Amino acid sequence: MARVKRGVTARARHKKVIALAKGYRGRSKNCYRAALQRLEKALAYAYRDRRNRKRDFRRLWITRINAAARQWGIKYSQLMRGMALCGIELNRKMLAEMAVNDKAAFKEVVGTVAGTCGYACAVDPQDK
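Numbering-wise, UniProt numbering puts 71 at position 71 of the sequence shown, and it's gapless, one number per residue.
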């Protein structure tokens, strides 16, 4: 049976790790063992933060919607409940975008919700 020599595969694996660690500070960019440890930690952080980013953005969108809705005298929870009853299917991302960049369209949504649910708010439903 032939002897298995792994110098080529080890070199390739080391080169791959060093290439992925490019831009790190200190020994972490060119020492294999340090680079491997730093790379494993970086990948763990990336995995964790891909999930955290989703909840962070959702929190941001809810905060923006709530702030914009309260300018018209309606709470976030009332707005979302009213939208469900009216059949308005806008997700939080689009609603937050409207609240920031298209205030007239957001006012339309608030007015529709207030008119349907009978909430008292600063937007007159007939004034749309």
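Even for Gly, the Cβ is constructed at its ideal location relative to N, Cα and C. None of the values given here were measured: they were computed from a predicted structure.
Taking C-beta to C-beta, are residue i and residue j nearer than 8 Å?
i           : j           : result
residue 94  : residue 106 : no
residue 17  : residue 69  : no
residue 117 : residue 90  : no
residue 35  : residue 21  : yes
residue 92  : residue 58  : yes
Compare the Cα-Cα distances from residue i to each of the options and report the closest residue.
i           : options           : result
residue 63  : 76, 53, 10, 34    : 76
residue 88  : 104, 113, 103, 78 : 113
residue 104 : 53, 41, 82, 71    : 71
Secondary structure at residue i, three-state DSSP: helix, strand or coil?
i           : result
residue 17  : helix
residue 8   : helix
residue 102 : coil
residue 2   : coil
residue 41  : helix
residue 47  : helix
residue 52  : helix
residue 125 : Low local confidence applies: a pLDDT of 49 at residue 125 is under 50, so the model's placement there is unreliable, and no value is given.
Go through its chain and collect everything with a Cβ distance to residue i's Cβ below 8 Å, but skip five positions before and after it.
i           : result
residue 100 : 64, 68
residue 11  : none
residue 29  : 18, 21, 22, 23, 35
Apart from the five residues on each side of it in sequence, which residues of its chain come closer than 7 Å, Cβ to Cβ, to residue i?
i          : result
residue 48 : none
residue 96 : 61, 64, 65
Here's a check: name, in chain order, each residue in its chain whose Cβ is nearer than 6 Å to the Cβ of residue i, leaving out the five neighbours to either side.
i          : result
residue 14 : 32
In the segment 58-95, which residue ranges form an unbroken beta strand (DSSP E) of at least 3 residues, counting only runs that do not cross its ends?
DSSP runs (the beta strand (DSSP E)) wholly in the segment 58-95: none.
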